[in-house]
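Visitor: Letter by letter, the sequence shown follows residues 306 to 431 in the numbering used here. Beta carbons: idealized from backbone N, C-alpha and C, even for Gly. If you scroll down you'll find the structure; I have some questions about it.
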Amino acid sequence: AVDFVVSKENSSAFGKANARLVSYLLEKRTVTEWIPEEKVLAEWREEVWSYLVGLEEGGDDGDSTKVKEDQKKVVDQSIDWVYDIVGDKCVEDGGVDVNEVLDASPTLERSLGSFWERCQDASKAE
Numbered sequence: 306a307v308d309f310v311v312s313k314e315n316s317s318a319f320g321k322a323n324a325r326l327v328s329y330l331l332e333k334r335t336v337t338e339w340i341p342e343e344k345v346l347a348e349w350r351e352e353v354w355s356y357l358v359g360l361e362e363g364g365d366d367g368d369s370t371k372v373k374e375d376q377k378k379v380v381d382q383s384i385d386w387v388y389d390i391v392g393d394k395c396v397e398d399g400g401v402d403v404n405e406v407l408d409a410s411p412t413l414e415r416s417l418g419s420f421w422e423r424c425q426d427a428s429k430a431e
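Here it is in structure tokens:
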């Protein structure tokens with residue numbers, strides 16, 4: 306099933322469908338209505354980080370390795386999809402002053418700092 310979704314023939318169609326879905330969802334509710342509580346966001350960050358770290362760890366058997374390869378493929382193609390949309394533009398090019406956002410949200414600034422430290426620690430551990 307993963308190969309079908311991530312295949313070159315189907316990726317464009319799935320990308321367009323995802324764009325239509327996001328557009329529909331945002332028409333029905335504002336972005337702020339979709340953002341969960343800070344506690345839930347913290348749990349999700351930890352779960353996503355654990356998931357991504359788990360993709361890099363070796364599997365015990367062939368089935369586990371195949372599943373991880375499929376998961377990596379989906380993550381890699383999702384990252385490529387985001388870069389295809391955003392390109393190599395600076396966030397400020399979109400009219401967002403990152404410093405103002407961080408000044409307005411100390412929690413976000415702390416979270417980004419913590420995330421960056423974990424990234425640096427993980428790269429040192431290798």
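Just curious, the alpha helix (DSSP H) that D408 is in, first and last residue?
Guide: Unbroken alpha helix (DSSP H) run through D408: V403 to A409.
Visitor: I'd like the span of the alpha helix (DSSP H) that includes S328, first residue to last.
Guide: Per DSSP, S328 belongs to the alpha helix (DSSP H) from K313 to K333.
Visitor: Might you give, ordered along the chain, the residues of its own chain that have their beta carbon closer than 6 Å to the beta carbon of V387, omitting 5 neighbours on each side?
Guide: Taken in chain order, the list of residues that qualify is empty.
Visitor: Where does the unbroken alpha helix (DSSP H) through E361 begin, and where does it stop?
Guide: Run containing E361: E343 to E361, per the alpha helix (DSSP H) assignment.
Visitor: Comparing alpha-carbon positions, which option in W354, E338 and I384 lies nearest E422?
Guide: When only C-alpha atoms are compared, the closest one is W354.
Visitor: Report yes or no: is there a C-beta of chain D within less than 7 Å of the C-beta of F319?
Guide: No chain D appears in this structure, which consists of one protein chain only.
Visitor: Less than 7 Å between the beta carbons of L263 and Q376, yes or no?
Guide: Here the chain covers residues 306 to 431 and nothing more, so residue 263 does not appear.
Visitor: Which one of A430, Q425, D426 and S416 has the shortest CA to CA distance from R350?
Guide: Comparing Cα-Cα distances from R350 to each of A430, Q425, D426 and S416, the minimum goes to S416.
Visitor: Report the rounded CA-to-CA distance for E405 versus E414, giving the unit in angstroms.
Guide: Distance between the alpha carbons of E405 and E414 is about 11 Å.
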